[in-house]
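Working notes, structure below.
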Amino acid sequence: QQQVKQSPQSLIVQKGGISIINCAYENTAFDYFPWYQQFPGKGPALLIAIRPDVSEKKEGRFTISFNKSAKQFSLHIMDSQPGDSATYFCAASINQGGKLIFGQGTELSVKP
Amino acid sequence: NAGVTQTPKFQVLKTGQSMTLQCAQDMNHNSMYWYRQDPGMGLRLIYYSASEGTTDKGEVPNGYNVSRLNKREFSLRLESAAPSQTSVYFCASSYEKLFFGSGTQLSVL
Numbered sequence: 001q002q003q004v005k006q007s008p009q010s011l012i013v014q015k016g017g018i019s020i021i022n023c024a025y026e027n028t029a030f031d032y033f034p035w036y037q038q039f040p041g042k043g044p045a046l047l048i049a050i051r052p053d054v055s056e057k058k059e060g061r062f063t064i065s066f067n068k069s070a071k072q073f074s075l076h077i078m079d080s081q082p083g084d085s086a087t088y089f090c091a092a093s094i095n096q097g098g099k100l101i102f103g104q105g106t107e108l109s110v111k112p
Numbered sequence: 001n002a003g004v005t006q007t008p009k010f011q012v013l014k015t016g017q018s019m020t021l022q023c024a025q026d027m028n029h030n031s032m033y034w035y036r037q038d039p040g041m042g043l044r045l046i047y048y049s050a051s052e053g054t055t056d057k058g059e060v061p062n063g064y065n066v067s068r069l070n071k072r073e074f075s076l077r078l079e080s081a082a083p084s085q086t087s088v089y090f091c092a093s094s095y096e097k098l099f100f101g102s103g104t105q106l107s108v109l
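Chains L and A are the protein sequences, given in the same order.
In terms of the working numbering, the first sequence has 7 at position 7, counting the first letter as 1, and numbering is strictly consecutive.
In terms of the working numbering, the second sequence has 69 at position 69, counting the first letter as 1, and numbering is strictly consecutive.
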């Protein structure tokens, strides 16, 4: 049972465009929703995270939108750059612990 | 300050062989984790240790054992490796957020 479903599996965006990755979760007890960025040969690194008491969080070019009633959240990358090319994972947990449930991942490619 | 260090980086085993993956962190974190990453599956939690002296099963613990040797070190052991355990293994530690090591790529033939 996949508790966090992520789409799309892969995404190609032109430089300067907006990249959008979506996730849906099932467990209403989840209260921490991070996004991780992973480059080839490296471990995932925390990019940005949100709690369900806010509907949006922005850090630089990265924004999380959160819809509690729909049990969905998404990552928006504005002005996408070739250096953003990586695999992105959404995740969810209870009490901001390290016991994360990850989505399947999205491989983003930003073309120059 | 190395963060989370994993060894080895690559390993090839034959079915039935055993091995231990080593992990150490220098951030003085209480909690440590072992995840495996498979294509199309994301990362799945194998075992975790909330503090020195405690370990608990995660989502996919079958075929693995762990040891929390001290606050810094958390090892993962495959007693009898199977092809289904071919994966990339990540160790992580946490304090408010999760910090990952660079991974061990394991192939079981």
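Virtual Cβ for every residue (Gly too), placed ideally from N, Cα, C.
Report the residue from the options whose alpha carbon sits nearest the alpha carbon of residue i.
| i | options | result |
| --- | --- | --- |
| residue 45(A) | 72(A), 76(A), 8(A) | 76(A) |
| residue 45(L) | 41(A), 3(A), 106(A) | 3(A) |
| residue 5(L) | 16(L), 67(L), 23(L) | 23(L) |
| residue 39(A) | 85(A), 94(A), 97(A) | 85(A) |
So residue i and residue j are supposed to be a Cβ contact under 8 Å. How far apart are they, rounded?
| i | j | result |
| --- | --- | --- |
| residue 108(A) | residue 13(A) | 5 Å |
| residue 79(L) | residue 51(L) | Going by Cβ atoms, the distance from residue 79(L) to residue 51(L) rounds to 26 Å, so no, they are not a contact pair. |
| residue 92(A) | residue 98(L) | 6 Å |
| residue 75(L) | residue 88(L) | 6 Å |
| residue 90(L) | residue 33(L) | 7 Å |
| residue 37(A) | residue 74(A) | Not really, about 17 Å apart at Cβ, beyond 8 Å. |
| residue 27(A) | residue 95(A) | 7 Å |
Kindly indicate if chain L contains any beta-carbon less than 8 Å away from that of residue i.
| i | result |
| --- | --- |
| residue 100(A) | yes |
| residue 97(A) | yes |
| residue 58(A) | yes |
| residue 33(A) | yes |
| residue 53(A) | no |
| residue 106(A) | no |
| residue 45(A) | yes |
Would residue i pass as an interface residue toward chain A - the criterion being a Cβ-Cβ separation below 8 Å?
| i | result |
| --- | --- |
| residue 99(L) | yes |
| residue 45(L) | yes |
| residue 103(L) | yes |
| residue 89(L) | yes |
| residue 71(L) | no |
| residue 5(L) | no |
What is the residue span of the beta strand (DSSP E) that residue i lies within?
| i | result |
| --- | --- |
| residue 95(A) | 87-95 |
| residue 22(L) | 19-25 |
| residue 10(A) | 10-13 |
| residue 79(A) | No beta strand (DSSP E) contains residue 79(A), which DSSP labels as neither H nor E. |
| residue 78(L) | Residue 78(L) -> no beta strand (DSSP E), and no H or E assigned at all. |
| residue 62(A) | Unbroken run through residue 62(A): none, as it is neither H nor E. |
Can you find at least 3 beta carbon pairs, one from the region 34-44 of chain L and one from the region 99-107 of chain A, that sit closer than 8 Å? The answer is yes - the region 99-107 of chain A touches the region 34-44 of chain L, with three or more Cβ pairs under 8 Å.
May I ask you to list, following chain order, the residues of the region 70-96 of chain A that have a beta carbon less than 7 Å from some beta carbon of chain C? As a matter of chain content, chain C is missing from the structure shown, whose protein chains are L and A.
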